[in-house]
Amino acid sequence: MALLQIAEPGLSAAPHRHRLAVGIDLGTTNSLVAAVKSGHAVCLADQEGRRTLPSVVRYGSGSDVEVGHDALKAQRIDPLNTISSAKRLIGRKLEDVAAAQLPYRFGSHPQIISLHTRQGDKTPIEVSAEILKTLKQRAEAALGGDLVGAVITVPAYFDDAQRQATKDAARLAGLNVLRLLNEPTAAAIAYGLDNGAEGTFVVYDLGGGTFDVSVLQLTRGLFEVKATGGHSALGGDDFDHRLFCHLLEQNGLSQLPEADHRLLLALAREAKETLTTAETATVSTVLSDGRRIETRISRREFANLTQHLVLKTIEPVKQALKDAGIGKTDVKGVIMVGGATRMPSVQQAVAAFFGQTPLNNLNPDEVVALGAAMQADVLAGNKADHEWLLLDVTPLSLGLETYGGLAEKVIPRNSTLPTARAQEFTTFKDGQTAMTIHVVQGERELVADCRSLAKFTLRGIPPMAAGAARIRVTFQVDADGLLSVSAREQTTGVQAQIEVKPSYGLDDETITRMLQESMSHAADDAALRARAEARVEAEGLVEAVTAALALDGDLLNPEESAAIQQAIDETRRAAAEDGAAEIRAAVAALGRTTDDFAARRMNRNIRRALSGQNIEDI
Ligand code: ADP
Ligand code: MG
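Oh and the sequence shown: position 387 is 387 in my numbering, straight run, nothing missing.
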């Protein structure tokens, strides 16, 4: 499971200047933005003093876009142009979300979700970007300057596509993403740093539409996620829905027109929230056909109606504890996250299960944003580095050089020590009997931009065809940060090894600079990597064709030979001078020119084999 180093050499800043960075909880139901001000994380309010922003976007007439409270209000009268719960759709395919039962007009594309609005089709990424834009403006107004970046939280269960889509939304909103952070980890950071907590903690997060439970181990500023679990479709909305159904029953109603449906659902939610602090709530309204509804409900009744939903959260909690290999009594604290954990029945059920009062001295709606803000503050470089740099994690990735001058990471940065990882490599040339292992440190794609730590050679590899040898390289870093690297050819067992001290001579400043460079060069690096890979492919093909010409050149007439030679020259030239796309084009052309030749060689080899020769000799 991933480890998170909260203490981190940030993007260094002039010590006297505070760089404005925020934490954003981009929620299914509500979103918040927080920042560290005079050493304390606080949620930032809008001009009316409201801190939560409903994650609702309304596409109005013209190019008017409303976000938040106004959009939420308008949802009753303009449901089809008012998008909520975009987070349920972001980074997903239409076929995966059929179960979400959202009342929108979806586009027909099976891969890309889009929603028809009067301003055209909108993707969940665009909808989320509107929310982020609003929070960015709010933060810049409240903090009085431009943001250097934001830490945005995502549910622990978000996959790569969902995380990437969230980043895309941030980019659309003009936000620089310092990091995506798992929501439970953010909550734990908020509690850990504020209260100096250590030990095993459970994060119980019941939001509007999702339930997440995580078991976290906190030690000396390190948060290790031991296990996660939950329900991707269980939250406060289900409590609203249950109460809504109760209202229908009580009033002898069944199918309702869209607008009435939404109205009643909103009233159910209001009643639910009222019951958190009041003993009773009354729902009273007039439906579009003039029928009157007047229903009084007590907290007790509501608790009975929704008891099964509360119980449904306990199963995943048990499972997560089991996965983490711990019992209830090992849990030092339970952190309550999400607006729905305000419900007394939820608080009671969790307290009863764990036999302890859950931690709720921070606002459960805000705790994720607060933790994200603390993390953003560190990443923006507002903490003195020495306070934050922990030695028990690898500060930079460790890896080795592969063909083409590329750095392949074996141990990613921020791995806790001790750690060991192995990876298999192979030879690039036919008959290669030795392989130089070049150990490097850094985040960049090219070896030239990383720090060279050591070089050693594995000899005695039996001569084999390129790609046939299996060389297993093991990286091991002990508790003192001492790295040893060993390489072993799997079929023969020959091996070689070396020890290096990777952190030697690398001060915080150097680490910070290397991290900064890897971030600012990410795009360049991707292009360089693509080019280096294309070059490796080109060189490999040229080598193979040249070898084939030497063996079976007699199968070709002089014109064919010349054409192949010309394609080889062109590929060589492209590899030396051109970009990735041109190199690939040259490789493809060389491939086409030699198709026929390859077929003839194969025929010859088959004939030879059939005439009793050993195919290995050919
Ligand atoms: P998300 O993480 O999904 O954006 P939140 O953490 O903001 O959601 O939680 C939203 C849910 O919390 C909604 O279902 C809302 O009705 C519920 N909620 C907010 N305040 C209260 C309250 N006082 N009592 C009960 N439920 C509440
Ligand atoms: Mg949430």
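Yeah, the Cβ is synthetic: ideal placement off N, Cα and C, and Gly gets one too.
Because the structure is a prediction, the values reported are computed rather than measured.
Asked, Found
"Please list, in chain order, all residues of the same chain as residue 193 whose beta carbon is under 7 angstroms from its beta carbon, the five residues on each side excluded.", "Below a pLDDT of 50, predicted positions are generally treated as unreliable, and residue 193, at 47, falls in that range; the measurement from the model is reported next regardless. Excluding positions up to five away in sequence, the list reads 374."
"Please go through the same chain and pick out, in chain order, the residues whose beta-carbon is closer than 8 angstroms to the beta-carbon of residue 56, but skip the five residues on each side of it.", "67, 68, 71, 72, 75, 82, 83 and 84"
"Can you look up residue 619 in the DSSP assignment and give me helix, strand or coil?", "The shown model of the chain, from 1 to 618, leaves out residue 619, and the question about it has no answer."
"Leaving aside the five residues before and after residue 293 along the sequence, list all residues of the same chain whose C-beta is less than 6 angstroms from its C-beta, in chain order.", "251 and 285"
"CB residue 24 to CB residue 380, shorter than 9 angstroms?", "no"
"Kindly indicate the opening and closing residues of the alpha helix (DSSP H) around residue 370.", "367-379"
"Can you have a look at residue 341 and say buried or exposed, based on whether 16 or more other CB atoms are within 10 angstroms of its CB?", "buried"
"What does the alpha-carbon distance come out to for the pair residue 525 and residue 585?", "21 angstroms"
"Taking the DSSP output, what are the residues bridged to residue 425?", "471"
"Considering only the beta carbon of each residue, do residue 182 and residue 149 sit closer than 9 angstroms?", "no"
"Considering only DSSP beta bridges, list what residue 292 is partnered with.", "286"
"Extract the residue ranges of the alpha helix (DSSP H) inside the region 530-591, only unbroken runs of 4 or more that lie entirely within it.", "558-577"
"Between residue 142 and the rest of its own chain, which residues show a CB-CB distance below 7 angstroms, the 5 nearest in sequence each way excluded?", "44"
"What does the Cβ neighbour count give for residue 338, buried or exposed, with the cut at 16 atoms within 10 Å?", "buried"
"Residue 313 lies in the beta strand (DSSP E); which residues open and close that run?", "First-last for residue 313: 307-324, but that is the alpha helix (DSSP H), not the beta strand (DSSP E)."
"I'd like the span of the beta strand (DSSP E) that includes residue 456, first residue to last.", "451-458"
"With residue 620 as the anchor, note down where its alpha helix (DSSP H) starts and where it stops.", "Examination of residue 620 is not possible in this model, given that the chain is present from 1 through 618 alone."
"Helix, strand or coil for residue 121? Go by DSSP, reduced to three states.", "strand"
"Starting from residue 64 and walking both ways along the beta strand (DSSP E), at which residues does that stretch end?", "Here residue 64 belongs to no beta strand (DSSP E), and DSSP marks it neither H nor E."
"Between which two residues does the beta strand (DSSP E) containing residue 200 stretch?", "199-206"
"Whose C-beta lies closer than 7 angstroms to the C-beta of residue 601 among residues of the same chain, with five residues either side of it excluded?", "548, 552 and 555"
"Is there at least one non-hydrogen atom of ligand 1 closer than 8 angstroms to the beta-carbon of residue 634?", "Residue 634 lies beyond the range of the chain shown here (1 to 618); nothing can be said about it."
"Looking at ligand 1, does it come within less than 8 angstroms of residue 236, judged from the CB to the closest heavy atom?", "yes"
"Mind checking residue 19: buried by the 16 CB within 10 Å criterion, or exposed?", "buried"
"Quick one: give me the first and last residue of the beta strand (DSSP E) that residue 274 is part of.", "Premise fails: residue 274 lies in the alpha helix (DSSP H), 258-277, not in any beta strand (DSSP E)."
"Go ahead and pull the three-state DSSP assignment for residue 484.", "strand"
"On a CA-only basis, which of 104, 200 and 439 is nearest residue 122? Give me that one, please.", "104"
"Taking just the CA atoms, how far does residue 432 sit from residue 405?", "18 angstroms"
"Taking the alpha carbon of residue 233 as the point to measure from, which residue in 560, 287, 28 and 434 has its own alpha carbon closest?", "28"
"Among residues of its own chain, excluding the 5 on either side of residue 248, which ones have a beta-carbon nearer than 8 angstroms to its beta-carbon?", "254, 256 and 264"
"Please go through the same chain and pick out, in chain order, the residues whose beta-carbon is closer than 6 angstroms to the beta-carbon of residue 345, but skip the five residues on each side of it.", "303 and 310"
"Mapping DSSP to helix, strand and coil, what is residue 181?", "strand"
"Count the other C-beta atoms from every protein chain shown that fall within 10 angstroms of the C-beta of residue 531, then say buried if there are 16 or more, exposed otherwise.", "buried"
"Does the beta-carbon of residue 273, which I'm using as the reference point, lie nearer than 8 angstroms to any heavy atom of ligand 1?", "yes"
"Residues bridged to residue 401 by DSSP?", "407"
"Check residue 607 in the structure and name its three-state DSSP category.", "helix"
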